[in-house]
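Read through the structure below, which is laid out as structure tokens, and then see the notes.
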Amino acid sequence: MILQALFDYYEELAAQGKIARLGWAKVKVSWALEIDENGQLLDVLPLRSPSQDGKKLLPREMELPAPVKRTVGVLPNFLWDNASYILGIDNKGKPKRTAECFQAARELHVNLLTPIDSAPARAIAAFFTKWDPEKAPANPIIAEHKDELLSGDNLCFMVDGVFAAKDPKIQTEWQKKYENDGEGEPDVCLITGRKSVPEMVHPSIKNVRDAQAAGAALVSFNAPAFCSYGREQNANAPISKYAAFAYTTALNQLLADRDHVKVIGNTTAVYWTRSAESQYQDAFAALLDAGSDELTNTDLNALMSSVASGKPYDYNGLPLTPENDFYILGISPNTARLSVRFFVSAQ
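For any residue, its number in this note's numbering is found by taking its place in the sequence shown, counting from 1, and adding 1337.
And the structure:
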């Protein structure tokens, strides 16, 4: 029920253009490598901008191919990553691993982009084919920004003044790869009801109070005692890549909206309506905040009276209707996983 409600919320947000598409995510990027159609590096362009107080430079948030989930293995991101993967350089004193990172990124980009008939695709494939990491430190363009590039910030690609991730043909190819990537036997997805290969490790949930900064799992099976019939990991509760992306993306967006998050002890609570209309969240937030000036006693009495009698109520000129499904979810950290403290469904 929880995952289905989050999935439905994602689909409504996606239909309204308010959330990242399947296989895409908001990524913080500090630099763009400008290359020509032959893959030659032309410049390193800063994408950071001053913070509101002007005290530091913040990376730009861009919609890019969804990040891989790294543990200790070498896994490259598509069209963006840090300097180890994109340029084959680092300052960690691990040349062998850095070489493996760049080689993995090279294989991913060359294999995926070579068949695509577009200038940005050809340019990036040529860049990875020609780029020599051993000569990178001597490159005057790299040398000018070397310290900042080695900070661990993310880089992306720009061709002819346009970010490569905006190329329609590259987008189509990435979407196809993302949806069909995965090994295993197809099974019925518990959310969509369609047959597909289950996503074995779901994306992480972030911004839960006291949980790991890298994120935690809402659905996971990490010990034999939790598994059945010889199934491993999340094959015990088969959910497709699309559905796993949808529910985690929806929950991460709810948690990132701090105006509509309530922390009660060690429990982080979020709330939403299936129609994805923010006035419902605004009204509920005002009810939760006893010291808020948003609602007077008269407003509060009118709102509660309307809700109790099943009648619509106008909140700041926007309608609230009792027929709209409303949900409240409370979660708290449990090492690398999350515990559900409560889930209220008002339908």
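In this text, a Cβ means the ideal position worked out from N, Cα and C, and glycines have one as well.
Fair warning: this is a prediction, and the values are worked out from it, not measured in the lab.
Boundaries of the alpha helix (DSSP H) around Cys1438: 1432-1450.
Proximity of the segment 1376-1384 to the segment 1552-1562 falls short of the contact definition, fewer than three beta-carbon pairs being nearer than 8 Å. Put simply, the backbone Cα of Ala1622 is about 8 Å away from that of Asp1596. Across the structure, Ile1507 and Thr1451 are spaced so that their CA atoms are roughly 10 Å apart. Among the bridge pairs identified by DSSP, Arg1674 is matched with Ala1554, Asn1671. Here DSSP, grouped into helix, strand and coil, assigns Trp1468 to coil. With a threshold of 16 other beta carbon atoms within 10 Å, Arg1443 meets it and is buried. Using a Cβ-Cβ distance cut-off of 8 Å, the segment 1507-1518 and the segment 1356-1374 are in contact, since at least three pairs of beta carbons, one from each stretch, lie closer than that value. Secondary-structure assignment with DSSP links Leu1492 through a beta bridge to Trp1368, Asp1418.
For the options Ser1421, Trp1417, Pro1402, Ala1403, the alpha carbon positioned closest to that of Val1411 is the one of Ser1421.
Of all alpha-carbon atoms in Gln1353, Thr1672, Ala1351, Leu1382, the one lying nearest the alpha-carbon of Gln1549 is that of Thr1672. In the DSSP assignment, Lys1513 falls outside any beta strand (DSSP E) and lies within the alpha helix (DSSP H) extending over 1505-1517. Of the residues Leu1666, Val1607, Glu1485, the one whose Cα lies closest to the Cα of Ser1367 is Glu1485. Rounded to whole angstroms, Pro1659 and Val1598 show a C-alpha spacing of 22 Å. Listed as beta-bridge partners of Ile1665 by DSSP are Tyr1608, Val1681. For Glu1398 against Lys1429, the beta-carbon gap comes to about 26 Å, at or over 8 Å, which does not count as contact. Secondary structure note for Lys1599: its beta strand (DSSP E) is the uninterrupted segment 1598-1601.
A buried status is given to Pro1575, since no fewer than 16 other beta-carbon atoms sit within 10 Å of its beta-carbon. Minimum Cα-Cα distance from Ile1423 among the listed residues Pro1670, Val1447, Glu1400, Thr1408 corresponds to Val1447.
Taking C-beta atoms under 8 Å as the contact rule, Asn1419 and Gly1489 qualify, at a distance of about 6 Å. Under the three-state reduction of DSSP, Leu1401 is assigned to strand. Short of 6 Å from the beta carbon of Tyr1584, and not among the five residues preceding or following it, lie these beta carbons of its own chain, in chain order: Leu1340, Leu1343, Phe1344. Following the DSSP letters along the chain, one finds Pro1383 in no alpha helix (DSSP H) but inside the beta strand (DSSP E) bounded by residues 1378-1383.
Residue Ala1462 holds the alpha-carbon nearest to the alpha-carbon of Val1496 among Ala1462, Thr1509, Leu1527, Leu1487.
Around Ala1502, the same chain offers Leu1401, Leu1416 as residues with beta carbons nearer than 6 Å, after the five sequence neighbours per side are excluded.
Between Ala1460 and Glu1522, the alpha-carbon positions lie close to 36 Å from each other.
In this structure, DSSP gives Ala1362 an extended state, which the three-state scheme calls strand.
Contact fails between the segment 1606-1623 and the segment 1383-1397, because fewer than three Cβ pairs, one in each stretch, are under 8 Å apart. Boundaries of the beta strand (DSSP E) around Tyr1650: 1650-1652. With contacts defined by Cβ atoms closer than 8 Å, Leu1591 and Val1545 do not form a contacting pair.
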